[in-house]
Amino acid sequence: MRLSSFVGLLVVAAVAAAQNQTVMIAVGGESNTPGGIFQFIPNNATAPNGTVVTFQFSGIPGNHSVTQSSFDSPCEPLAGGFDSGWILIEAATTPLPTWTITIENDQTPIWFYCKQLNPSPHCIAGMVGGINIQPGANSITAFQAKAASAGSSGQGQNGLVGVGASASAEPLVPSGATHFLGVSISASATAPAGGSSAAGGSTTAGGSSASSSSTGTPSNAIPMAVNLNFLVVLLGMFAGAMMVL
Ligand SMILES: [Cu+2]
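Under my numbering, the first residue of the sequence shown is numbered 3, with each subsequent residue one higher.
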């Protein structure tokens, strides 16, 4: 084989490998995890176009989200951004819940945060991350510093389609965990650590209503209360729109 052909094959193989690359990011640590509970691990990754990024919800107990934001507003949902919704894990479960997005634009950084507010906003506590951060430009350290000084943390809506990356499906949530969509939250979302308020309204078929763990005081495991009335109104509006169309 001529050298040029061989090099050509290598290039093709490298491109194919890049397109099939996968990246795993853990969502949430545990109390004994270096860096604590409120983090994505790693908090920055390089992922060329076509890369499947798998977020594995690993903080147990925990209640976290992966919500797209922007560098300028780290703790606010980005318009048109992706959002996993909350995933509550109260006890060890196998497999762990996962959510995958596919990178569509690797030329612009993709910033994201966890929108959980309990016991305090995880975003402000440092639970933020970035994909395809550009060398010499805005860094993950600067992003985290911006998040730390954010006065509040927004909730956003679930969205599979994001800016620069999208999911094709809702998170895979085993029976031991609960998925809450970002319809509405109650004031209990800001309940202090160890509070015992529980949320109803599981959005996963067969899911049980969630309550805080009976053992210990999970510092971040209090779920959001889903406002079912609001959901019904939304569904009604959707049905009305479909009839008009
Ligand atoms: Cu979180």
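Quick reminder that beta carbons are idealized off the backbone N, C-alpha and C, glycines included.
Bounds of the alpha helix (DSSP H) holding Gln-146 are 142–150.
Burial check for Gly-128: the Cβ neighbour count within 10 Å reaches 16 or more, so the residue is buried.
Take the alpha-carbon of Phe-84 and the one of Thr-96: they are about 25 Å apart. Within the same chain, Cβ atoms closer than 6 Å to the Cβ of Lys-148 are found at Pro-76, the five residues on either side in sequence being excluded.
Boundaries of the beta strand (DSSP E) around Gly-131: 130–133. In this structure, the alpha-carbon of Ser-151 lies about 10 Å from that of Phe-145. Placement of the Cβ of Gln-118 at a distance of less than 7 Å from at least one heavy atom of ligand 1 is found. Rounded to whole angstroms, Gly-153 and Pro-137 show a C-alpha spacing of 28 Å.
Our two residues, Thr-53 and Glu-78, have alpha carbons roughly 25 Å apart in a direct line. DSSP links Ser-71 through a beta bridge to Trp-113.
Around the beta-carbon of Ser-86, 16 or more other beta-carbon atoms lie within 10 Å, marking it buried. The three-state secondary structure of Val-54, taken from DSSP, is strand.
Under DSSP, Ile-27 takes part in a beta bridge, and its partners are Phe-57.
For Phe-84, the three-state secondary structure derived from DSSP is coil.
In the displayed model, Asn-46 falls within a strand according to three-state DSSP. Secondary structure note for Ala-127: it is in no beta strand (DSSP E), with a DSSP letter that is neither H nor E.
When beta bridges are read from the DSSP output, Val-163 appears opposite Ser-168. Considering only Pro-111, Glu-106 and Gly-156, the residue with the shortest C-alpha distance to Asn-140 is Pro-111. Membership of Thr-180 in the beta strand (DSSP E) is indicated by the continuous run 179–182. The residue from Leu-174, Leu-183, Gly-30 and Gly-64 with its alpha-carbon nearest to that of Gly-161 is Leu-183. Per DSSP, the beta bridge partners of Thr-100 are Gln-58 and Leu-174. Of the heavy atoms belonging to ligand 1, none sits nearer than 7 Å to the Cβ of His-181.
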